[in-house]
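Chains as they are written, first to last, in the UniProt record's numbering: chain L, 1 to 120; chain V, 1 to 120. In this text, a Cβ means the ideal position worked out from N, Cα and C, and glycines have one as well. See structure below.
Protein chains: 2
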Amino acid sequence: MISKGYINGTIKTIVLKLLSDKNRMYGYEITQRVAALSNDEIKLTYGALYPILYKLENDGLLVATSEIVDNRARKYYSLTPKGKEVAKEKVSELQKFAETLKIILMPNPDSRLSSVAWGS
Amino acid sequence: MISKGYINGTIKTIVLKLLSDKNRMYGYEITQRVAALSNDEIKLTYGALYPILYKLENDGLLVATSEIVDNRARKYYSLTPKGKEVAKEKVSELQKFAETLKIILMPNPDSRLSSVAWGS
DNA sequence: TTATATATTTAAGCAAATTAAATATTATGA
DNA sequence: TCATAATATTTAATTTGCTTAAATATATAA
Numbered sequence: 001m002i003s004k005g006y007i008n009g010t011i012k013t014i015v016l017k018l019l020s021d022k023n024r025m026y027g028y029e030i031t032q033r034v035a036a037l038s039n040d041e042i043k044l045t046y047g048a049l050y051p052i053l054y055k056l057e058n059d060g061l062l063v064a065t066s067e068i069v070d071n072r073a074r075k076y077y078s079l080t081p082k083g084k085e086v087a088k089e090k091v092s093e094l095q096k097f098a099e100t101l102k103i104i105l106m107p108n109p110d111s112r113l114s115s116v117a118w119g120s
Numbered sequence: 001m002i003s004k005g006y007i008n009g010t011i012k013t014i015v016l017k018l019l020s021d022k023n024r025m026y027g028y029e030i031t032q033r034v035a036a037l038s039n040d041e042i043k044l045t046y047g048a049l050y051p052i053l054y055k056l057e058n059d060g061l062l063v064a065t066s067e068i069v070d071n072r073a074r075k076y077y078s079l080t081p082k083g084k085e086v087a088k089e090k091v092s093e094l095q096k097f098a099e100t101l102k103i104i105l106m107p108n109p110d111s112r113l114s115s116v117a118w119g120s
């Protein structure tokens, strides 16, 4: 399980990305999908996810429709046109960030040369 | 400039990584190095960085030595043996997280097929 | 009948970052 | 020479964002 802190700030974008791939999802489903895509390394907590869904809805990026499925209440979320736009931007930003992280964390072949290789 | 939120939770690990590559660095230098490695996309704020340095020192992962260079006060930080161990773990965790992020954000060739491809 | 899985809501508290101001020296450009 | 930018650290107040945890409710498997 990846240290929780790393997900901070990325949840909103991850939600937008999943809803870009599948046009209707409910909260619980989103948590399961993230767990599956991450081999159970990332578990979204409900306390984090649901308030984010409400905020995205409030910001006009998502629309919600409630349904009863197997006697259980479900609330499906979909991207609005504005949500689709924002999703593109945010996903692209986060991809860039992931690349940047990789560069920063890149193994340094010989750290003793760092002052030569990188300037002091 | 990458949205600030994404760096959240990663700063500590980034600091440990930079100090793994270069055995003595001071705070300001760390901010410059991160900016350089990220093409100015990531700017560590001092309000975030310095308290983290104090915390790492307090936790026994860093040792600090103050010097005067060009009449300016500088505080150099180095990894302790414990800091080196923790740095390895944390860096490896964050690399894994970056990989996981990439997978989650991976462009979906045809999102209309998602319910077939991924199960509904 | 007990636990696990499904499904959402939301309050209290905490951790981590932002913002911003204080302090001080050196270098550069107008 | 005057102002601004760059160098360098500190730290308080505030805000954001997440964790923890409890409440609520149904279905299914052991």
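Checking contacts by CB at 8 Å: is residue i closer than that to chain V?
{"i": "Val-91/L", "result": "yes"}
{"i": "Asn-58/L", "result": "no"}
{"i": "Ser-38/L", "result": "yes"}
{"i": "Ala-48/L", "result": "no"}
Could you work out which residues of chain L lie near residue i, taking near to mean beta carbons separated by less than 9 Å?
{"i": "Val-34/V", "result": "Ile-104"}
If you reduce the DSSP assignment to three classes, tell me which class residue i lands in.
{"i": "Thr-62/L", "result": "As written in the sequence, residue 62/L is Leu, which differs from the Thr given in the question. Looking at Leu-62/L - three-state DSSP - the assignment turns out to be strand."}
{"i": "Asn-101/L", "result": "The amino acid occupying residue 101/L in the given sequence is Leu; Asn does not appear at that position. The answer is helix: DSSP assigns Leu-101/L an H, G or I state."}
{"i": "Leu-79/L", "result": "strand"}
{"i": "Leu-113/V", "result": "Low per-residue confidence applies at Leu-113/V: pLDDT is 45, beneath 50, and the placement is therefore not dependable, though the value from the model is reported in the following sentence. In the structure shown, Leu-113/V sits in a helix (DSSP, three-state: H, G or I)."}
{"i": "Trp-118/V", "result": "Caution is warranted here: a pLDDT of 47 is assigned to Trp-118/V, below 50, making its placement in the model unreliable, and no coordinate value can be reported."}
{"i": "Thr-10/L", "result": "coil"}
{"i": "Glu-41/L", "result": "coil"}
{"i": "Ile-2/L", "result": "coil"}
Which residues does DSSP pair with residue i in a beta bridge?
{"i": "Glu-67/V", "result": "Arg-74/V"}
{"i": "Leu-49/V", "result": "Its beta-bridge partners do not exist; DSSP assigns none."}
{"i": "Ala-25/V", "result": "Checking the sequence, you will find Met at residue 25/V rather than Ala. The partner list for Met-25/V (beta bridge, DSSP) reads Tyr-77/V."}
Along chain V, in chain order, which residues have C-beta atoms closer than 9 Å to that of residue i?
{"i": "Glu-41/L", "result": "Lys-96, Phe-97, Thr-100"}
What residues of chain L sit near residue i, judged by a beta carbon separation below 8 Å?
{"i": "Asn-108/V", "result": "Ser-20, Asp-21"}
Could one say the Cβ of residue i lies closer than 8 Å to chain L's Cβ atoms, at least one of them?
{"i": "Val-116/V", "result": "Residue confidence is low: Val-116/V scores 49 on pLDDT, short of 50, so the model does not pin down where it sits. Its coordinate-derived value is still stated next. Chain L contact via Cβ: absent."}
Check: Listed in chain order, which residues of the stretch 1-25 of chain V have Cβ atoms closer than 7 Å to some Cβ of chain L?
Finding: Ile-2, Ser-3, Gly-5, Tyr-6, Asn-8, Gly-9, Thr-10, Ile-14, Lys-17, Ser-20, Asp-21, Lys-22
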